[in-house]
Amino acid sequence: MTHRKIGYFDVEGSCYVAKPGRWRGKYVISEDGDEIQEKLCTTLHEREEDACEEGMRLGIKAARMLMKEREGFDPGEDE
Numbered sequence: 398m399t400h401r402k403i404g405y406f407d408v409e410g411s412c413y414v415a416k417p418g419r420w421r422g423k424y425v426i427s428e429d430g431d432e433i434q435e436k437l438c439t440t441l442h443e444r445e446e447d448a449c450e451e452g453m454r455l456g457i458k459a460a461r462m463l464m465k466e467r468e469g470f471d472p473g474e475d476e
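First residue of the sequence shown? That's 398 in this note's numbering, and the numbers climb one at a time after it.
What follows is the structure, given as structure tokens:
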């Protein structure tokens, strides 16, 4: 599992075994310890690392959109 802070949000990217030999990514976005969004990715991957990377990438994108909706600006990926 990887973790990243985007604006006010904590993003966790992870994955799980979707079926034998296939991994599916997921992300969870939290604020002050409260989960506000969770999503399972649709793509199945052969490698665990690829699935976790997809979950993190999509979680960062979603958190950036939430910041833009809430505060009117995109904090970017480097925050």
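Every residue gets a Cβ at the ideal spot worked out from N, C-alpha and C, and that includes glycine.
In the DSSP assignment, what residue or residues form a beta bridge with residue i?
i, result
"C412", "G422"
"L455", "DSSP, once it has assigned bridges, lists no residue as partnering L455."
"I403", "F406"
"D431", "E428"
Given a cut-off of 8 Å on the beta-carbon distance, is the pair residue i and residue j in contact?
i, j, result
"M462", "G410", "no"
"Y424", "A448", "no"
"E435", "C412", "no"
Report the three-state DSSP secondary structure of residue i (helix, strand or coil).
i, result
"E443", "coil"
"M464", "helix"
"E476", "For E476, the predicted structure reports a pLDDT of 43, less than 50, and the residue's modelled location is therefore unreliable. A value from the coordinates is still provided. In this structure, E476 counts as coil in the three-state DSSP scheme."
Distance, Cα to Cα, residue i vs residue j?
i, j, result
"R467", "H442", "33 Å"
"K402", "V408", "6 Å"
"I433", "D471", "18 Å"
"E476", "T440", "Below a pLDDT of 50, predicted positions are generally treated as unreliable, and E476, at 43, falls in that range; no measurement from the model is reported."
"D429", "G404", "12 Å"
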